[in-house]
Amino acid sequence: MKILSFLLLSFLAASSLVAKQPNIVIILADDLGYGDLCCYGHPQIKTPHLDQMAAEGARLTQFNCPAPFCAPTRAALMTGRYPFRCGMTQNPAPDGGAAADALHLPEKEVTLAQVLKSAGYATGMVGKWHLGHKAGFLPTERGFDEYYGIPYSNDMRPVQVLENTQVIEYPVVQATLTRRYTERALGFIERSKAQPFFLYFAHAMPHKPLAASEAFYKKSGAGLYGDAVAELDWSVGQVLAKLKELGLDENTLVLFSSDNGAWFGGSTGGLRGMKGAQWEGGYRVPMIARWPGKISGGRVSEQMAITMDLFATVLEATGAKMPDDRVLDGRSLMPLLKGEAKSPHQFLFGHLNSKLGNIRDARWKLHVLPATQLKLKAGADGKWLDPRAPDGVTILAPYEQYNLDAFPGLNTGDAAAKMQLFDLQNDPGEQHDVAAEHPEEVQRLLAAYETMNKDVPVIDEVKREPYKK
70 MKILSFLLLS
80 FLAASSLVAK
90 QPNIVIILAD
100 DLGYGDLCCY
110 GHPQIKTPHL
120 DQMAAEGARL
130 TQFNCPAPFC
140 APTRAALMTG
150 RYPFRCGMTQ
160 NPAPDGGAAA
170 DALHLPEKEV
180 TLAQVLKSAG
190 YATGMVGKWH
200 LGHKAGFLPT
210 ERGFDEYYGI
220 PYSNDMRPVQ
230 VLENTQVIEY
240 PVVQATLTRR
250 YTERALGFIE
260 RSKAQPFFLY
270 FAHAMPHKPL
280 AASEAFYKKS
290 GAGLYGDAVA
300 ELDWSVGQVL
310 AKLKELGLDE
320 NTLVLFSSDN
330 GAWFGGSTGG
340 LRGMKGAQWE
350 GGYRVPMIAR
360 WPGKISGGRV
370 SEQMAITMDL
380 FATVLEATGA
390 KMPDDRVLDG
400 RSLMPLLKGE
410 AKSPHQFLFG
420 HLNSKLGNIR
430 DARWKLHVLP
440 ATQLKLKAGA
450 DGKWLDPRAP
460 DGVTILAPYE
470 QYNLDAFPGL
480 NTGDAAAKMQ
490 LFDLQNDPGE
500 QHDVAAEHPE
510 EVQRLLAAYE
520 TMNKDVPVID
530 EVKREPYKK
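Heads up: the sequence shown begins at 70 in my numbering, then just goes up one per residue.
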């Protein structure tokens, strides 16, 4: 009742202010690596639209997600809270067993869509939700006016497209998915142009299975991965062009990022590890912000930031309010994006499933728990047999997917162990543990870790239920 009362009061208070509020567009790629864009240093993949967005706005080089895989980061984005606080430290999956099938963002959590809807916004979502796929937990039941997309990863069976809460396509032709998602996103902007709107555009690409339409397939010169990223870049360009066409450009904040690091075929930009690992290659992702007249063009910031900050940034930009009965971990990036402000965080924390695995500051990273990395068993041919690979029946996508020989990051360095310390300024690839040389930094970071860790519930990994320590 407290949340419902808050939302009602917020809606009434916002009714006279909607004309002054900016539009919000959040574009989230899936498994896009830190080094996958041209403006982040990729030597082959061309991304002219995202490069232009960065030239006209701000590009962050130390932007992390709180967990190195999908749903926890998406929950953090939608709630402004670390995954351990908002109850999403694992991935929902319709084909992952009973517990994974039932997993969803807890009802007590308030989403960014609910907050903005209560502030008078039209709210639309296109793409991957991954915060619950059962009745009662879909986007239109968590604050969005409309939804079109695959509600989880595009390799989780059954791969099907929903419109609001109804299945409208199965099996899904993934080659046309980016194009169709883009058409839906543009349609929402067109329909909502007369009022403030929030578009959450969560692409399927470049999550496996990779796919691209005929206009992009085998055209990038950088393989199927490059084709998929090139079409993703085209999609961003289409959104920005639509905003300009409708005269909404200067009143729209556009934020672009990824949910975690790269999978096979992608690039971590020289960082260690990949998606699913607690090395920086799993956590660090691109982030570009554009708002003409509010964010100066060409700004590059090396200040630390994290996914939940996008939530807080939108709150400041719109004036929308959250209930005051919960901890928000995100901090607004508007001062940093507008000028030379320092990071709003002294420390960032990285999840290892339901636990906090590590802590970092501007220079140092302490792996309190040993970093884990995906261990995929190779067959006699040296390749991993993906149980969710395209089969031409239930998953429709090109068969030439990437494998173990296309590792996206560094796969070298000191073996993972507890209490390892890495100097991210001088050793961004986390190759050499320097804990023995800097015990004072270990103790300083450990103290901050232990303070935060007091808030982390212990999870019964069998029942997936929290219990007190």
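Backbone N, C-alpha and C fix where the C-beta goes; we use that ideal spot for every residue, glycine too. Treat the numbers as computed from the prediction; the structure is a model and nothing was measured.
Nonlocal neighbours in the same chain, by C-beta distance under 8 Å from residue i, ignoring five residues either side
i      : result
Gly560 : What the structure shows of the chain is the stretch from 70 to 538, and residue 560 is not part of that stretch, so it cannot be assessed.
Lys537 : Because Lys537 carries a pLDDT of 39, less than 50, the predicted location of this residue cannot be relied on, and the following value inherits that uncertainty. Excluding positions up to five away in sequence, the list reads Pro526 and Val527.
Short Cβ contact (8 Å threshold) for residue i with residue j
i      : j      : result
Thr441 : Leu465 : no
Leu119 : Ile364 : no
Lys313 : Trp332 : no
Met391 : Val236 : no
Pro152 : Pro163 : no
Glu300 : Pro361 : no
Pro265 : Val462 : no
Leu97  : His272 : yes
Cys139 : Ser222 : yes
Leu279 : Gln470 : yes
Lys262 : Leu315 : yes
Trp433 : Leu493 : yes
Leu246 : Gly193 : no
Ala171 : Gln159 : no
Thr387 : Pro91  : yes
Local conformation of residue i per DSSP, three classes
i      : result
Leu301 : helix
Leu514 : helix
Thr116 : coil
Asn320 : helix
Leu405 : helix
Lys487 : coil
Gly292 : helix
Residue i, buried or exposed, once every other Cβ within 10 Å from all chains shown has been counted against 16
i      : result
Gln347 : buried
Glu349 : buried
Ala144 : buried
Val396 : exposed
Tyr468 : exposed
Leu129 : buried
Lys311 : buried
Leu514 : buried
Pro137 : buried
Asn495 : exposed
Ala188 : buried
Ser84  : With a pLDDT of 46 at Ser84, under the threshold of 50, the modelled position of this residue cannot be trusted, and the question is left open.
Val298 : buried
Leu81  : Confidence in Leu81 is poor, its pLDDT being 49 and thus under 50, which makes the residue's placement too unreliable to answer from.
Ala254 : buried
Asp502 : buried
Leu231 : buried
Residue from the options whose Cα sits closest to the Cα of residue i
i      : options                           : result
Ile219 : Trp198, Leu454 and Pro413         : Trp198
Lys444 : His414, Asn480 and Met403         : Asn480
Ile428 : Tyr352, Val308, Pro459 and Ser401 : Tyr352
Tyr518 : Tyr471, Phe476, Leu200 and Lys424 : Lys424
Gly342 : Gly316, Met373 and Pro477         : Pro477
Asp378 : His501, Tyr286 and Ser401         : Ser401
Glu385 : Pro135, Leu181 and Gly156         : Leu181
Pro227 : Leu315, Gln470 and Gly165         : Gly165
Leu406 : Asp398, Lys446 and Val369         : Val369
Lys177 : Phe380, Asp99, Thr192 and Met157  : Met157
Tyr190 : Val383, Ser222, Gln307 and Leu279 : Val383
Ala505 : Gln489, Gly338, Met403 and Asp460 : Gln489
Gln243 : His276, Ala254, Glu215 and Gly256 : His276
Met274 : Ala410, Val305, Met521 and Asp398 : Val305
Min CB distance residue i to chain D below 8 Å
i      : result
Gln229 : The chain labelled as chain D is not found in the depicted structure, where only one protein chain is given.
Any non-hydrogen atom of the ligand FMN closer than 7 Å to residue i Cβ
i      : result
Gln131 : In the structure on display, the ligand FMN does not appear, and there are no ligands present to speak of.
Neighbourhood of residue i by C-beta, 7 Å cutoff - its chain only, sequence neighbours within 5 removed
i      : result
His173 : Pro161, Leu200, Gly201, Lys203 and Phe206
Beta-carbon proximity list for residue i, same chain, < 6 Å, skipping 5 on both sides
i      : result
Thr148 : Cys155 and Glu178
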